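All remarks here apply to the structure that follows.
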Ligand code: IPE
Ligand code: IPE
Ligand code: MG
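In my numbering, the protein residues as written are 376 to 618.
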């Protein structure tokens, strides 16, 4: 079936997608930037640069095919353990991204939300995040969630703390204290680069998410690879414990 918003013939796999069974929320662990660069004898940061371009492309594509929520893991709490130069580069890339992409997101009617412990980030980055969220808040085509300084355990601890202050101990009360309570759980989680682990990503939210692992390194990921993941997802039967 044809997906609205896609030029015919541009992505052959798109013809095979069932638009009625699209995953509404796709989460991605964008991994393999460093290895991509190493293979080309380039510094690791070149992989991060290329990775940012790929993200931009996948965001636009997702909105075009009708994905409603796209969550991308951009920086984990554990990533502070990397060399200072790499961390500085990543923070600068984030600054550049927020400065440059906000107007594109707005024009594409994509709402940006950040998930993570933002108080631990440089003040100017926090301010850029606040501005980008404010400027894009009316976007209704898709919501883009960037997970930055994000850790699943930390999000759970935080929610547990707020929940105990309120004194209502239910899953619904817990959920209200997640970073983004209005966002439904991911239907599909993609991890690139061949690693088959969660690395402290959305621990609470992925209880019934379909997992898809691909050896493709993030800077080599493409619209066709994305469609492959969606096709694989559409071939699965989600039982949620039933028969
Ligand atoms: C993912 O690529 C990007 C971030 C974690 C910021 P990596 O930098 O982890 O690349 P590899 O895994 O070392 O190849
Ligand atoms: C996960 O990738 C974090 C992001 C993609 C931002 P890592 O490369 O940090 O994870 P590990 O170390 O392989 O588990
Ligand atoms: Mg990695």
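Quick reminder that beta carbons are idealized off the backbone N, C-alpha and C, glycines included.
No experiment lies behind these values; they were computed from the predicted model shown.
Under 9 angstroms between C-beta atoms of residue i and residue j
i	j	result
residue 441	residue 387	no
residue 391	residue 602	yes
residue 448	residue 402	yes
residue 477	residue 511	yes
residue 381	residue 439	yes
residue 424	residue 496	no
residue 555	residue 488	yes
residue 524	residue 493	yes
residue 527	residue 573	yes
residue 500	residue 470	yes
Rounded distance between the beta-carbons of residue j and residue i, thought under 8 angstroms
i	j	result
residue 548	residue 541	6 angstroms
residue 552	residue 576	Actually they are not in contact, since the Cβ atoms of residue 552 and residue 576 sit about 18 angstroms apart, beyond 8 angstroms.
residue 472	residue 545	At roughly 37 angstroms, the Cβ-Cβ gap does not stay under 8 angstroms, so residue 472 and residue 545 are not in contact.
residue 565	residue 517	The pair is not a contact, with the Cβ atoms about 16 angstroms apart (cut-off 8 angstroms).
residue 429	residue 596	5 angstroms
residue 567	residue 592	6 angstroms
residue 475	residue 514	Actually they are not in contact, since the Cβ atoms of residue 475 and residue 514 sit about 17 angstroms apart, beyond 8 angstroms.
residue 571	residue 396	At roughly 25 angstroms, the Cβ-Cβ gap does not stay under 8 angstroms, so residue 571 and residue 396 are not in contact.
Residue from the options whose Cα sits closest to the Cα of residue i
i	options	result
residue 410	525, 569, 524	569
residue 616	588, 606, 604, 584	584
residue 581	558, 439, 607	558
residue 453	427, 555, 491	491
residue 521	543, 385, 434	434
residue 437	613, 610, 563	563
residue 384	416, 598, 479	598
residue 461	408, 571, 573, 498	408
residue 413	594, 396, 618	594
residue 578	465, 405, 560	560
residue 604	612, 587, 611, 613	587
residue 399	519, 465, 539, 498	519
residue 431	483, 618, 417, 539	483
residue 404	611, 613, 589	589
residue 498	618, 466, 458, 456	466
residue 406	417, 418, 422, 416	422
residue 389	600, 458, 459	600
In DSSP terms, what residue i is bridged to
i	result
residue 608	Looking at the DSSP assignment, residue 608 forms no beta bridge with any residue, so it has no partner.
residue 522	448, 490
residue 586	564
residue 485	517
Short CB-CB distance (under 9 angstroms) between residue i and chain B
i	result
residue 590	In summary, chain B is missing from the structure at hand, where a single protein chain is found.
Which runs of the beta strand (DSSP E) spanning at least 3 residues fall entirely within the segment 400 to 482, listed in chain order?
Residue ranges of uninterrupted beta strand (DSSP E) with 3 or more members, entirely inside the segment 400 to 482 and ordered along the chain, are 400 to 404, 444 to 451.
Taking only runs of the alpha helix (DSSP H) that begin and end inside the segment 496 to 552, which ones reach a length of at least 4 residues, in chain order?
DSSP runs (the alpha helix (DSSP H)) wholly in the segment 496 to 552: 498 to 511, 527 to 541, 546 to 550.
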